[in-house]
Structure formats: structure tokens, C-alpha cells
Amino acid sequence: MSEPSTVTDPADPRLADYTGLTDVELRRRREPAEGLFIAEGEKVIRRALEAGYRMRSMLLTAKWLGVMADVIEAADAPVHLVEPALAEQVTGYHVHRGALASMERKPLPEAAEILGSARRVAVLEGLVDHTNLGAIFRSAAALGMDAVLLSPDCADPLYRRAVKTSMGAVFAVPYARLDPWPAALDAVRAAGFQLLALTPAEHAVDLAEAAPQRLERAALMLGAEGDGLTRHALAAADRAVRIPMAHGIDSLNVGAAAAVAFYAVTAG
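So the sequence shown is residues 294 to 561, counted in the working numbering.
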């Protein structure tokens, strides 16, 4: 058990992992370099621990001591108890969930490691919005996708906002980077996957007609909000597919489109 210790100085080096959490550029550089990520809220912290991530430390306000008592009991890392105002001063925002944990990252697997046993994967290109990325991981977990593959310029799935939006689903779905891009898509195809590019283009085949659920192995490719897949990614795909739209709507948010496509490819 780690006995909670009260911290009253925002400059205390024990709180270093939690400083400036709203500074996206700083955290995007710092967290991977230092091998850490931040889990926010009771459910997310528990899911990170259940997924085998090791805790570096935990930061709590007093009202969360009871809720997190069993986690504290099992912790082999320091637990810092702070006032809400100090937590906000350190992190840069109001920590309304009252509990944060700094966790150690695991080594990222190679794409080949997770493709071997997978049948349904998502391939994301240029997804830099952490909220969309987290939503896609949550849908991937909920709808039974086996893995997520990311282009080199995709956002970090373990960034706090992505983890929070996914409600910890980023811990449940294996993911890897595809590099170089888009040449590494050849390795996905060589593993037996048919590459289906999601696009609103008129020449694309309706998703229902493509019947992705009947494919032995399918990789659904999705691009960034607004721009969609690049022409290079589209050219690398085996087939372009689309979700039929009504009432003059041209496309869905990428998170919503992903959920529809994941359901289509895993149904039946």
C-alpha cells in the first residue's frame, strides 16, 4: 500500500508529471519522450491498470480517497493528495473528476505482430484530432474491431483527451504505426486484407453492396475530418466504399462514419 501524502506546493517536483496538461504541443512532445501518459478519472485509471499499464504516481483530491481506496491499497507508486485549487494550478484546468494517474507506456508493437491474428482492422490516416481519435477507438472496441493501424502523422492515442474520450478503450484495442506511409499498406494487403477506403465520392460502392462482413479479412481506411483520405491513400486501396447519405447531407463526422463502417464490417 502507498500511503497518500499531502502536497501543498505547486512547484513540488513530485507533481512534475502533471504540469501543464492543457499545453498540447508540450505534452505531445514530452509524454512519449518520457514514456508516460495521463489517465483521468476513476474508470479510466482502473481500465489502464487492468490492461497492465504500470502506475508512476496518482494525484487525488480528498473526496476521491474513499472511491479509490482499493487502488491506493494495491498501488506500489506514490499517491499525492492535493486541494482542488492546487490541482488546477498545476494541471492548468479544473480537474472535476478529481483523480489523475501518471502511467508508464508499453513498447508499441509492430504492425505485423497484430495483423497475424486480426480479421477486422481500422486504418487511420492523418487523424490529428484527439477527440475524434478517442471516439474511433471507443467504437472499435465496442463493435469488435481487432486492431487500429495509424499513419505516422496520426495523433497519440494515449494523449489525455483521446484516452478520456475513448473511456479507456485505447487500452483494449491493439494499435501500431504504419511507416512508411502509404507504402506500408502493402504489408497489410500481403497479410491477406482487402483495403476498403471510406470516401463520399460518387464513384465509390455503397457499403452494403460491398458486403465487407463477408470478407475473410478487411481493413477499413478512414481519413481526417474534412479532407478525408489523401489521393495517395485512395490509390493504394483495393476498393472505394461509401455510406449512402440522405436529405442532401454529403458526409458524416469521421467518428460517426467509423462507427457505421465498423458495424457493417463486423455484422453477421
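Just so you know, even glycine gets a beta-carbon here, dropped at the ideal spot from N, CA and C.
For this session: Please confirm whether Pro450 and Leu478 have their CB atoms less than 8 Å apart.
Result: no
Problem set entry | Residue interval of the beta strand (DSSP E) (run including Val416) | 413-417
Problem set entry | Alpha-carbon spacing of Thr301 relative to Leu352, whole angstroms | 12 Å
For this session: Could you name the residues of the same chain whose beta carbon sits closer than 8 Å to that of Arg412, not counting the 5 residues immediately before and after it, in chain order?
Result: Asp439, Glu509, Arg510, Ala511
For this session: Go through its chain and collect everything with a Cβ distance to Thr458's Cβ below 6 Å, but skip five positions before and after it.
Result: Thr424, Gly427, Ala428
For this session: Take Trp474 and list the residues in its own chain whose beta-carbon comes closer than 6 Å to its own, dropping the five residues that flank it on each side.
Result: Ser444, Pro445
Exercise. Any idea which residues DSSP pairs Thr424 with across the strands?
Worked result: Residue pairing for Thr424: DSSP places it in no beta bridge.
Problem set entry | the stretch 513-533 touching the stretch 486-496, judged by at least three CB pairs closer than 8 Å | yes
Problem set entry | Span of the alpha helix (DSSP H), counted from its first residue to its last, around His525 | Element bounds for His525: 524-529.
For this session: Using beta-carbon positions only, say whether Ser298 and Ala368 come within less than 8 Å of one another.
Result: no
Exercise. Is the beta carbon of Arg535 sitting closer than 8 Å to the one on Leu500?
Worked result: yes
For this session: Assess, as a yes-or-no matter, whether the stretch 332-352 is touched by the stretch 460-472 under the definition of 3 or more beta carbon pairs within less than 8 Å.
Result: yes
Problem set entry | Distance between Trp357 and Arg482 (C-alpha atoms, nearest Å) | 48 Å
For this session: Could you spell out where the alpha helix (DSSP H) holding Ala341 opens and where it closes?
Result: According to the DSSP assignment, Ala341 belongs to the alpha helix (DSSP H) that extends over 335-343.
Exercise. Should Asp316 and Gly391 be called a contact, given that it needs their Cβ atoms to be closer than 8 Å?
Worked result: no
Problem set entry | Gln506 beta carbon less than 8 Å from that of Ala448 | no
For this session: With DSSP collapsed to three states, give me the class of Ala304.
Result: The three-state reading of DSSP puts Ala304 in coil, since its state is none of H, G, I, E or B.
Exercise. Expressed to the nearest angstrom, what Euclidean distance is found between the alpha-carbon atoms of His496 and Ala533?
Worked result: Whole-angstrom Cα-Cα distance: 8 Å.
For this session: Give me the Cβ distance between Ala253 and Met396, rounded to the nearest whole Å; I'm assuming they're in contact under 8 Å.
Result: With the chain running from 294 to 561 in the structure shown, residue 253 is simply not present.
Problem set entry | Distance CB(Gly313)-CB(Arg321) smaller than 8 Å | It is not a contact, given that the beta carbons lie outside the stated cut-off.
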